[in-house]
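Take the sequence shown: its position 193, counting from 1, is numbered 194 in our numbering, and each next residue is one higher.
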Amino acid sequence: MEIVVQKFGGSSVADTEKLYNVCKHIIKEKKKGKKVVVIVSAQGNSTDDLIKQELEITKTPNKREHDVLVSVGEQITIAKLAMCLQKQGYNAISFLAWQIPIITDSNFGDANILEIKTEKIIEQLNLDNIVIIAGFQGIDKEKNITTLGRGGSDTTAIAIAGVLKAVKCEIFTDVDGVYSDDPNKNKNAIKYDKISYDKMLVMANNGAKVLHNKCVELAKENKVKIVVKSTFKEESKGTIVE
Ligand code: ASP
Ligand code: MG
2 MEIVVQKFGG SSVADTEKLY NVCKHIIKEK KKGKKVVVIV SAQGNSTDDL IKQELEITKT
62 PNKREHDVLV SVGEQITIAK LAMCLQKQGY NAISFLAWQI PIITDSNFGD ANILEIKTEK
122 IIEQLNLDNI VIIAGFQGID KEKNITTLGR GGSDTTAIAI AGVLKAVKCE IFTDVDGVYS
182 DDPNKNKNAI KYDKISYDKM LVMANNGAKV LHNKCVELAK ENKVKIVVKS TFKEESKGTI
242 VE
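The structure is reproduced here in structure tokens:
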């Protein structure tokens with residue numbers, strides 16, 4: 002079976018209208034006969050809002066409890082997206098990381114993925130479900146909730162694409178690909194049609210925010226073909242990273 006992994010970041014899922022827009026990209030792959038696994042971030046600035054709420058209590062939170070709190074946003078997105086798809090007649094089911102499970106080390110706030118079990122995902126894909134998984138979070142061996150670091154949903158998506166041997170991992174964002182410089186600040190920035198993992202890695206380490214740096218390394222190791230494209234353009238070819 003041909004599996005496609007799609008990841009939608011916070012700005013792509015910020016409100017209900019945007020969730021329905023995300024559905025279009027998912028349904029497009031579904032109609033091509035692909036099995037689709039979707040990874041989502043928390044809506045809009047909701048992770049920042051959770052951190053603000055935490056700061057009302059303490060500047061030095063217990064690290065375990067910090068992760069319990071900041072992982073919450075993604076739970077809201079997975080449920081809402083599943084409902085939007087179901088409303089349009091598609092079978093969809095949502096999962097938190099512990100339900101898969103996505104097992105990490107216990108480095109709260111910046112955990113590393115150790116293992117992802119594929120049985121549940123495959124079982125649900127075989128039932129013809131669109132599988133929606135919360136990004137950014139994991140569970141350690143003692144069953145504590147962990148998070149992968151800010152922007153970590155990219156890493157969830159690449160890791161899942163790797164274990165499922167997906168044909169591609171599409172990272173949907175608010176720019177239509179990878180640029181030589183920030184296109185909002187530099188009008189002369191050029192968009193790449195294709196770049197290598199190594200070049201992407203250098204750019205991510207130099208602060209290009211388009212991809213979480215951990216995820217580029219992971220993609221290189223597991224030979225995951227990444228396509229960075231715009232959520233808001235119907236026909237964005239984006240940039241291929243491979
Ligand atoms: N929601 C998390 C964050 O804001 C993870 C992500 O967006 O990838 O950092
Ligand atoms: Mg991001």
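Don't be surprised by glycine CBs; every beta carbon is placed ideally from N, CA and C. Just so we're clear, the structure is a prediction, and the values are computed from it rather than from any experiment.
Residue environment: K33 is assigned as exposed (fewer than 16 neighbouring CB atoms within 10 Å of its CB, all protein chains considered). Here DSSP, grouped into helix, strand and coil, assigns Q138 to strand. Contact between S154 and K8 holds, since their C-beta atoms are separated by about 6 Å, short of 8 Å. It is roughly 44 Å from the alpha-carbon of N63 to the alpha-carbon of I191. Three or more Cβ pairs drawn from the region 222 to 242 and the region 165 to 183 lie within less than 8 Å of each other, which places the two stretches in contact. The region 123 to 174 contains, as complete alpha helix (DSSP H) runs of 4+ residues, the segments 154 to 165 (chain order). With fewer than 16 other Cβ atoms from the protein chains shown falling within 10 Å of its own Cβ, G208 counts as exposed. Judged by DSSP in its simplified three-state form, K230 adopts strand.
When Cβ pairs closer than 8 Å are counted between the two stretches, the region 78 to 86 is seen to touch the region 39 to 59, the count reaching three or more. When the five nearest sequence neighbours on each side are left out, the beta carbons in the same chain lying within less than 6 Å of the beta carbon of E30 are those of V5, V37, in order along the chain. The C-beta separation of S95 from D177 comes to about 28 Å, leaving the pair out of contact by the 8 Å criterion. The three-state reading of DSSP puts V225 in coil, since its state is none of H, G, I, E or B. When the alpha-carbon of D16 is set against those of K35, S42, I27, D106, the nearest one is in S42.
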